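Quick notes on the structure that follows.
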Amino acid sequence: MEDLFLPGIALTILTGIAYITGRLADGAHERALKRDEALLPHQYLDSGDAVPDDITLHDSKLVTGKVVIAEDRFRNLLARLRIFVGGRLAAHEATVTRAKREAILRLRTNAKGASHIIGLRFDSAELGRGMIEVIVSGTALYTDHRPTGGRPSALPDDGVNISHRNLLAEFASGSIAFLLICWGIYTASGLAVEWAANSISVQEEVAIWSQLEPGLIAEHREDYERSLPERYLLDLVNSIPKEAIGPARDYDFDVLIIPDDSPNAAALPGGLMLVHTGMLELVDTENELLSILGHEIGHYNGRDHLEGIGREVVGVALSAMMFQTDAVLTTWAASWPKLLADRDYSRSQELDADDWSLRILMAKYGHVAEASTTFAKLGQLQGDRSLLDYLSTHPHPRDRVERLEDMAREQGLPIGEPVDLQIAFENFLVRTGEIPASALEDRHQFNLTNTGH
């Protein structure tokens, strides 16, 4: 909770500044309206179309007044919250009322010299998302009854809707304020997500995830539903000493192989790890494969998978709220399984997961051979470092290779002989009775990418 204190204060200050700024602008507009309304002469206004009998009409003409109002995001957010509990949308009512007053002010200014304005009609038109034009029209009557009182001065065409500041300065100040508010909301919500992710127990996580994706929970998959390569990967995970796994030992892990050529793996809620066939084709030793699985286990230890989902949900919710459209939610809901697998983590999260991978390799084999080999291969595929790599939240594979090698050297971790992946898989098949030992003597080859059930 302490981590939320300062961001909470910052968010409160930013929200307060935005609120006070909006109130000051509203107050200035209200005062300007009252001042200009006081300058108007006394005129008879009527929504009816009948010309009064007690006047001598000399002339008449159609007059209009119009004003453009922009959507107030804070009022709109308040209105959306109000929908949940019901009641009057007073914030919107005040805005619309002021827009009507402004339109009538312009109409009466255009009807200078008229004693009566009849047939008043209000219309509105949507100019674009967040902008509505309010138009009032009527018939100005010029009679012997000269209007008394103030004399309206012509209002500027742009009225109160267009700023008189330099457009570049207006854009810069608006953009900075918008970014500060978004940053404050995202930072505070991100810390709240981090706190929530670390507060949810593994049992609660599994219970929630089983409701969303019941087919992707280990306890819902029978052993016969897994392919032989998936059984081998799960056996490899279960062979890791429990004390080396860390807090993630409470998970009932499962491994699902995805037919995808991209070399990738992912940690999903509930203990399900996804491994692409492209990753299986990239690795040559069991040690490399365990370093990948150990890396994903590291993400479970850091609760990174839950934080990533939480931040995505917050980002999507803010986007839907900011742009006032449900299309964002619909698109995300349709593609969220793929987004889970392709989710990126921060540099610190990736490096922490690398540390767990090194620890797991050492606990399983007694040495850390091939700890960085997969990252070296990925580095060759990705190419040389660029400026974008330094700006990216994801560390370059070559940087991770150097870091892992430095850690192994500084900690004095031994480098032993790696285990060939095909031999390890074949030994698993023999050990579990899936194939007889004689099958290996007949030079049959079994590997993870061409062996099914």
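At position 206 of the sequence shown (counting the first as 1) the number is 212 in my numbering, and the numbers step up by one without a gap.
Backbone N, C-alpha and C define an ideal beta-carbon position, used for all residues, glycine too.
A quick note: this is a predicted structure, and the numbers were derived from the prediction, not measured.
How long is the line joining the alpha carbons of residue i and residue j, rounded to whole angstroms?
| i | j | result |
| --- | --- | --- |
| A203 | D360 | 20 Å |
| T27 | K40 | 20 Å |
| A146 | M137 | 28 Å |
| R409 | L435 | 36 Å |
| L278 | I191 | 31 Å |
| I366 | A76 | 58 Å |
| S121 | L185 | 50 Å |
| L45 | E200 | 58 Å |
| A468 | R107 | Nothing about residue 468 can be reported from this structure: the residues present for the chain run from 7 to 459 only. |
| G385 | H402 | 7 Å |
| A117 | A183 | 40 Å |
| G422 | K370 | 12 Å |
| V102 | Y50 | 23 Å |
| I441 | L280 | 26 Å |
| V166 | G276 | Because V166 carries a pLDDT of 45, less than 50, the predicted location of this residue cannot be relied on, and the following value inherits that uncertainty. Their backbone Cα atoms lie some 55 Å apart in a straight line. |
| L141 | L133 | Per the sequence shown, residue 141 should be read as Ile rather than Leu. Near 12 Å, if we compare the C-alpha coordinates of L133 and I141. |
| L113 | S143 | 7 Å |
| Q209 | I187 | 36 Å |
Taking C-beta to C-beta, are residue i and residue j nearer than 8 Å?
| i | j | result |
| --- | --- | --- |
| V73 | A105 | yes |
| R232 | L242 | no |
| G71 | A131 | no |
| D267 | G284 | yes |
| H151 | I61 | yes |
| T455 | E287 | yes |
| T380 | S245 | no |
| A382 | P424 | no |
| Y306 | A273 | yes |
Given that a residue counts as buried once 16 or more other Cβ atoms are within 10 Å of its Cβ, and exposed if not, what is residue i?
| i | result |
| --- | --- |
| D260 | buried |
| N453 | exposed |
| G304 | buried |
| R406 | buried |
| E236 | buried |
| W362 | buried |
| E416 | exposed |
| Q217 | exposed |
| S378 | buried |
| W189 | exposed |
| D59 | exposed |
| R127 | exposed |
| L30 | exposed |
| E292 | buried |
Length-filtered (3 minimum) beta strand (DSSP E) runs lying within the segment 233-269: 260-264
Alpha helix (DSSP H) runs wholly inside the segment 276-322, at least 4 long, in chain order: 283-288, 292-307
Segments assigned alpha helix (DSSP H), at least 4 residues, entirely inside the segment 409-442: 427-437
Ranges of the beta strand (DSSP E) found wholly within the segment 363-392, counting only runs of at least 3: none
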